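Engineer: Sequential numbering from 626 applies to the sequence shown in the numbering used here.
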Amino acid sequence: MRSYIDDSVDPAGWLEWNGTFALSTLYYGEYLNRGPGSNTSARVTWPGYRVINSSTEATQFTIEPFIQGNEWLNSSNIPFALGL
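1) To the nearest angstrom, how far is it from the Cα of Ala647 to the Cα of Leu640?
2) On the CB-based measure, 16 or more other CB atoms within 10 Å of its CB, does Gly638 come out buried or exposed?
3) If you run the structure through DSSP and keep just helix, strand and coil, what is Glu682?
4) Rounded to whole angstroms, what's the CA-CA distance from Asn681 to Gly644? Just pull it up for me.
5) Helix, strand or coil: which one does DSSP assign to Gly660?
6) Decide if the region 627-634 is in contact with the region 656-663; the criterion is three or more beta carbon pairs, one per stretch, under 8 Å apart.
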């Protein structure tokens, strides 16, 4: 989310793991990425892949609600932002 994606990223965006075993259960989302590799028009068409168009939906995957980072990341000395 909100990442710079270089042109080294294949336009499909993702590769299958060893076969198709996980394609029915995965979730990959992209939100407001930028850069030459961020064009999603040729991305995979797996059921669990989607372009997120809503900040409300994207917020679910930020540090605070998704991994409760506000409770433990401060002690890691890793820079972070809780929301978008």
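Glycine residues also receive a C-beta, built at the ideal position from the N, C-alpha and C atoms.
Just so it is clear, the structure is predicted and the values come from calculations on it, not from any experiment.
Structural biologist: In brief:
1) 11 Å
2) buried
3) helix
4) Reading the sequence as shown, one finds Thr at residue 681 and not Asn. Between Thr681 and Gly644, the C-alpha separation is close to 33 Å.
5) coil
6) yes
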